[in-house]
Amino acid sequence: MPDPTEPATDPDVPTEAWSGVHRGPLRAGEWVRLVDAKGRRHNFALEPGKRFFSNRGHLEHDEMIGREEGFTVTASSGGEYLVFRPLLSEFVVSMPRGAAVVYPKDAAQIVAQCDVFPGADVVEAGVGSGALTCSLLRAVGPHGSVRSFERREEFADVARRNVEQFFGGEHPAWTLSLGDLAEALPASGLRCDRLILDMLAPWECLDAAADALRPGGIVCAYVATTTQLSRFTETVRVHGGFTEPHAWESLVRDWHVEGLAVRPGHSMIGHTAFLVTARRMAPGERAPRTKRRPAPGAYGPDYTGPRPEGVVVDGGDTGS
Ligand SMILES: C[S@@+](CC[C@H](N)C(=O)[O-])C[C@H]1O[C@@H](n2cnc3c(N)ncnc32)[C@H](O)[C@@H]1O
Numbered sequence: 623m624p625d626p627t628e629p630a631t632d633p634d635v636p637t638e639a640w641s642g643v644h645r646g647p648l649r650a651g652e653w654v655r656l657v658d659a660k661g662r663r664h665n666f667a668l669e670p671g672k673r674f675f676s677n678r679g680h681l682e683h684d685e686m687i688g689r690e691e692g693f694t695v696t697a698s699s700g701g702e703y704l705v706f707r708p709l710l711s712e713f714v715v716s717m718p719r720g721a722a723v724v725y726p727k728d729a730a731q732i733v734a735q736c737d738v739f740p741g742a743d744v745v746e747a748g749v750g751s752g753a754l755t756c757s758l759l760r761a762v763g764p765h766g767s768v769r770s771f772e773r774r775e776e777f778a779d780v781a782r783r784n785v786e787q788f789f790g791g792e793h794p795a796w797t798l799s800l801g802d803l804a805e806a807l808p809a810s811g812l813r814c815d816r817l818i819l820d821m822l823a824p825w826e827c828l829d830a831a832a833d834a835l836r837p838g839g840i841v842c843a844y845v846a847t848t849t850q851l852s853r854f855t856e857t858v859r860v861h862g863g864f865t866e867p868h869a870w871e872s873l874v875r876d877w878h879v880e881g882l883a884v885r886p887g888h889s890m891i892g893h894t895a896f897l898v899t900a901r902r903m904a905p906g907e908r909a910p911r912t913k914r915r916p917a918p919g920a921y922g923p924d925y926t927g928p929r930p931e932g933v934v935v936d937g938g939d940t941g942s
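Letter by letter, the sequence shown follows residues 623 to 942 of this note's numbering.
Put into structure tokens, the structure is as follows:
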């Protein structure tokens, strides 16, 4: 019979899973996340003999090393902190940033709606701070591949540090290349199942994406503004080698639940970015065009973007 007064000793998550997660007692070198009563967060790596200082006093790292996560510690001036290992969703919003990150709610949408599966070959650009990269690597696992492209060296350096910190080393499925995707992807000769574009002008990379994607593969753009959303979507239509693009965004609202006071939270992240996906047709195949007439004025004289072939506008057909 196990002794109920002794803590259970669970085996650690297998190293070869490359999850970035550990079980069991906290070890020296691991990152922890301390949260105080006001929700203020502090993330740091545990080091024997080191002290953590805050405005609520100090704490010895040695008090935390060797304990099972999920405990409360009290600093020298009485401040209480909850101690856990950071989750991936917590890590990416607190890690050092070179560029804006894909928020966890959107990374979850990308992984689910783009059906990123274990063993998949994924290409992404730009790598930015490496936030989405971590979710993609988690989803493809060690038997898939994530090929990240970034045109700014300083961002690539930040991303490399973040991804290696999260996974505790060089993930075997990851390669990071410097360069503009529009040129670097064709030059690489890579083929992929999923291609994620998080950049200012994803339409400039669509031809390269189409050539690299396998039939049935998915292209996905993550764009912050409606003008980018429109231009990318219309460029996909004009290309012709994809299914009708699907555009959406996700809104997440917290709720306050306390006795009879059950109501939406007062604040929410109102806007992060829009997502657009489309599936790659087989070579030479075209998806049937939508039979629906565009909304009145949709492609009228004020519209200056890419014009899908054969679109019917008020009073005539502007397409070829
Ligand atoms: C918003 S950030 C990407 C954030 C990243 N997905 C994350 O979750 O941390 C956009 C990045 O795309 C890079 N970029 C823009 N156009 C690019 C291109 N054509 N090829 C490669 N990288 C590009 C920029 O340098 C920038 O680092």
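The beta-carbon is built from N, C-alpha and C at its ideal position, and this holds for glycine as well.
Problem set entry | Residue from Arg885, Phe788, Glu776 whose Cα sits closest to the Cα of His644 | For the purposes of this step, residue 644 is taken as the residue at position 22 of the sequence shown. The residue with the shortest Cα to Cα distance from His644 is Phe788.
Exercise. Whole-angstrom Cβ separation of Asp658 and Tyr703, contact assumed at under 8 angstroms?
Worked result: Walking along the sequence shown from the start, residue 658 turns up at place 36. Walking along the sequence shown from the start, residue 703 turns up at place 81. Taking a contact as a CB-CB distance under 8 angstroms, the pair Asp658 and Tyr703 counts as one, their CB atoms being some 6 angstroms apart.
Exercise. Quick one: is the Cβ of Cys842 within less than 7 angstroms of any heavy atom of ligand 1?
Worked result: Translated into the one-based positions of the sequence shown, residue 842 becomes position 220. Checking the Cβ of Cys842 against ligand 1 gives no.
Exercise. Can you tell me the Cα-Cα spacing of Thr940 and Glu931, whole angstroms?
Worked result: The residue you call residue 940 lines up with position 318 of the sequence shown. The residue you call residue 931 lines up with position 309 of the sequence shown. Legend: pLDDT at Thr940 = 47, less than 50; position of this residue unreliable, value from coordinates given subsequently. One alpha carbon belongs to Thr940, the other to Glu931, and they sit about 8 angstroms apart.
Exercise. So what does Thr797 bridge to, in DSSP terms?
Worked result: For the purposes of this step, residue 797 is identified with residue 175 of the sequence shown, where counting begins at 1. Arg769, per the DSSP bridge assignment.
Problem set entry | Where the beta strand (DSSP E) containing Cys756 begins and where it ends | As a working mapping, residue 756 is identified with position 134 in the sequence shown. Cys756 -> not in any beta strand (DSSP E); alpha helix (DSSP H) instead, spanning 753-762.
Problem set entry | Backbone secondary structure at Asp728 - three-state DSSP | Residue mapping note: residue 728 aligns to position 106 of the sequence shown, counting from 1. Here Asp728 carries a helix assignment [DSSP, helix/strand/coil].
Problem set entry | Residues near Cys842 by beta carbon distance below 8 angstroms, same chain, minus five either side | Your numbering for residue 842 matches position 220 in the sequence shown. Here the set comprises Ile732, Gln735, Cys736, Arg816, Leu817, Ile818, Leu819, Leu897, Val898, Thr899.
Exercise. Which of helix, strand or coil does DSSP assign to Cys736?
Worked result: Here the question's residue 736 lines up with position 114 in the sequence shown. Residue state for Cys736 is assigned as coil, using DSSP reduced to three classes.
Problem set entry | Simplified DSSP state of Trp825, which is helix, strand or coil | The residue you call residue 825 lines up with position 203 of the sequence shown. Trp825: helix per DSSP, three-state reduction.
Exercise. If you draw a straight line from the C-alpha of Phe666 to the C-alpha of Gly651, how long is it?
Worked result: Numbered from 1 along the sequence shown, position 44 holds the residue referred to as residue 666. Numbered from 1 along the sequence shown, position 29 holds the residue referred to as residue 651. Each residue's alpha carbon lies about 9 angstroms from the other.
For this session: Say yes only if the C-beta of Arg773 is nearer than 7 angstroms to one or more non-hydrogen atoms of ligand 1, and no if none qualify.
Result: As a first step, residue 773 must be located in the sequence shown, where it is residue number 151. Proximity of the beta carbon of Arg773 to ligand 1 is indicated: a heavy atom of the ligand is located closer than 7 angstroms.
For this session: Out of Arg929, Gly700, Phe693, state which residue places its alpha-carbon closest to the alpha-carbon of Pro916.
Result: Residue 916 sits at position 294 when you count from the first residue of the sequence shown. Answer by Cα proximity: Arg929.
Exercise. Using DSSP with H/G/I as helix, E/B as strand and the rest coil, what is Asp815?
Worked result: Taking the first residue of the sequence shown as 1, we reach residue 815 at position 193. Strand at Asp815.
Exercise. Can you tell me whether DSSP reads Gly938 as helix, strand or coil?
Worked result: The residue you call residue 938 lines up with position 316 of the sequence shown. Unreliable positioning characterises Gly938 in this predicted model, as indicated by a pLDDT of 47, which lies under 50. The coordinate reading is nonetheless provided below. Here Gly938 sits in strand by DSSP.
Problem set entry | beta-carbon Asp820 near ligand 1 non-hydrogen atom, thresh 7 angstroms | For the purposes of this step, residue 820 is identified with residue 198 of the sequence shown, where counting begins at 1. Checking the Cβ of Asp820 against ligand 1 gives yes.
For this session: Verify the contact flag: Gly642, CB atom, against every heavy atom of ligand 1, threshold strictly below 7 angstroms.
Result: Numbered from 1 along the sequence shown, position 20 holds the residue referred to as residue 642. Taking 7 angstroms as the cut-off, one finds no heavy atom of ligand 1 near enough to the beta carbon of Gly642.
For this session: With Glu856 as the anchor, note down where its alpha helix (DSSP H) starts and where it stops.
Result: Numbered from its first residue, the sequence shown carries residue 856 at position 234. That run of the alpha helix (DSSP H) goes 848-861.
Exercise. What do you get for Leu596, buried or exposed, if any count of 16 or more other CB atoms within 10 angstroms of its CB means buried?
Worked result: Here the chain covers residues 623 to 942 and nothing more, so residue 596 does not appear.
Exercise. Among the residues of its own chain, which have a CB less than 6 angstroms from the CB of Val860, if the five just before and after it don't count?
Worked result: Taking the sequence shown and counting its residues from 1, one reaches residue 860 at position 238. Excluding sequence neighbours, Val860 sits near Pro928, Pro930.
Exercise. If we ignore side chains and look at the alpha-carbon of each, how far apart do Arg853 and His893 end up?
Worked result: The residue you call residue 853 lines up with position 231 of the sequence shown. The residue you call residue 893 lines up with position 271 of the sequence shown. Each residue's Cα considered, the two are about 19 angstroms apart.
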